[in-house]
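*Asks:* Take this structure, written in structure tokens, and hold onto it; I'll ask about it next.
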Amino acid sequence: MHFVNAKGILTANNGRCGMNIYRGCTHGCIYCDSRSKCYQFTHAFDDIEVKQNAPELLEAALKSKRKKCMIGTGSMSDPYMHCEEQLKLTRQCLEIISKYEFGIAIQTKSDRILRDIDLLDEINQKAKAVVQMTLTTYDDDLCAIIEPNVCNTKQRIQVLEEMQKRGIPTVVWLTPILPFINDSEENVNAILEECIRVGVKGIICFDMGVTLREGDREYFYEALDKNFPGLKEKYIRTYGNSYNVPSPNNKKLMQLFEDTCKAHKILYKPDDCFSYLNDLPERYEQLTLNLV
């Protein structure tokens, strides 16, 4: 990893605030879109860029911000990579968010987040905290191949359980579902059953498939050659250089997904999920006076 002093930490987009404390990732997921060349990394993807002044920048930004809002993190780089164990920058930022009573919507694949469950609970009591966990593959042996340097699915489900015990809402990202690898009804149904059991608020799934573009595609194909001999050629024959790579089972699996979520009152439309993630309700309702 290498350290930089960033000029800013918060980004705003359509009323949404986001931050990335780290740039790059060491989880080694074979499908990672963040490897794509369009993100213009000037360093190796697993040479983590650490924004060492992130807590100071965040405090300055929140101190001057008039309106409270939800702050999202983890969409580009996981805030609980291996380096977070020593650096604790994510924890410092959570402490600042709690101090100024903002909300947090944090996304990860790592059970390291349990270290900060006390702070997430504190934020949720003051404002709102939502923990987002990515689940792609119920089979832990397969999970170890496609997401090699991060905790397995069973451990991630345990995170969701612990959050539920604290009353911290959770949202699952059911993506990507890789054609010919984890795009079975058995896999998707097993993940959905666990989501029901641990009481997730919403599940985000745009389609059953994956997206591939320059930079990401090459890394993915190398992983296919290593772990699934012959499958790269099948992808090329089936999809060519398409950006959207849908599962042949997409229609059936999406029907299963939508029917299950409807039956259990789980948010499943992406717009509904994102609205929930970005909505920070007023802590106190304004009192109305009954004039006699």
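One gets the working numbering by counting positions in the sequence shown from 1 and adding 882 to each. No residue lacks a Cβ here, since even glycine has one placed at the ideal position from N, Cα and C.
Select from 1027, 928 and 1012 the residue whose C-alpha is nearest the C-alpha of residue 1064.
*Replies:* Comparing Cα positions, the closest option is 1027.
*Asks:* Rounded to whole angstroms, what's the CA-CA distance from residue 934 to residue 962? Just pull it up for me.
*Replies:* Their Cα atoms are separated by approximately 15 Å.
*Asks:* What number of angstroms, rounded off, separates the C-alpha of residue 906 from the C-alpha of residue 923?
*Replies:* Going by the C-alpha atoms only, they are around 8 Å apart.
*Asks:* Just curious, the beta strand (DSSP E) that residue 984 is in, first and last residue?
*Replies:* From DSSP, residue 984 is part of no beta strand (DSSP E); its letter is neither H nor E.
*Asks:* Whole angstroms are fine: how far does the CA of residue 918 sit from the CA of residue 1093?
*Replies:* 10 Å
*Asks:* Taking the alpha helix (DSSP H) that residue 1015 belongs to, which residues open and close that run?
*Replies:* That residue, residue 1015, is in no alpha helix (DSSP H); its beta strand (DSSP E) goes 1011-1016.
*Asks:* Mapping DSSP to helix, strand and coil, what is residue 1041?
*Replies:* helix
*Asks:* Enumerate, from N- to C-terminal direction, the unbroken beta strand (DSSP E) stretches of 3 or more residues contained entirely within the region 883-947.
*Replies:* The beta strand (DSSP E) runs of length 3 or more contained entirely in the region 883-947 are, from start to end of the chain, 884-886, 893-895, 898-901 and 931-933.
*Asks:* Determine the direct distance from the alpha carbon of residue 902 to that of residue 969, and round the result to whole angstroms.
*Replies:* 14 Å
*Asks:* Under 8 Å by Cβ, that's how I've got residue 1048 and residue 1003 pegged, so tell me the actual separation to the nearest angstrom.
*Replies:* 5 Å
*Asks:* Exposed or buried, which one is residue 984 when buried takes at least 16 other CB atoms within 10 Å?
*Replies:* buried
*Asks:* Taking residue 1186 as the reference, which of 1159, 920, 1045 and 1108 has the closest Cα?
*Replies:* Shown here, the chain extends from 883 to 1174; a query on residue 1186 therefore has no answer.
*Asks:* Tell me whether residue 1070 is buried or exposed, calling it buried when 16 or more other Cβ atoms sit within 10 Å of its Cβ.
*Replies:* The residue in question, residue 1070, is buried, as its Cβ has 16 or more Cβ neighbours within 10 Å.
*Asks:* Rounded C-beta distance between residue 1159 and residue 952? I'm assuming under 8 Å.
*Replies:* 7 Å
*Asks:* Assign residue 963 to one of three DSSP states: helix, strand, or coil.
*Replies:* coil
*Asks:* Check each candidate in 1033, 1061 and 1149 and name the one with the smallest Cα separation from residue 1051.
*Replies:* Among 1033, 1061 and 1149, the Cα nearest to that of residue 1051 is on 1149.
*Asks:* For residue 1073, which residues from the same chain have a beta carbon less than 6 Å from its beta carbon, with the 5 sequence-adjacent residues on both sides left out?
*Replies:* The beta carbon of residue 1073 sits closer than 6 Å to the beta carbons of 1017 and 1020 from its chain, once the five residues preceding and following it are set aside; these are given in chain order.
*Asks:* Which residue from 1060, 1143 and 1085 puts its Cα closest to that of residue 989?
*Replies:* 1085
*Asks:* Would you list the residues sitting across from residue 954 in a DSSP beta bridge?
*Replies:* Bridge partners of residue 954: 900 and 987.
*Asks:* Would DSSP call residue 1032 helix, strand or coil?
*Replies:* coil
*Asks:* Which whole-angstrom value is the C-beta distance of residue 958 and residue 916, which I expect to be below 8 Å?
*Replies:* 5 Å
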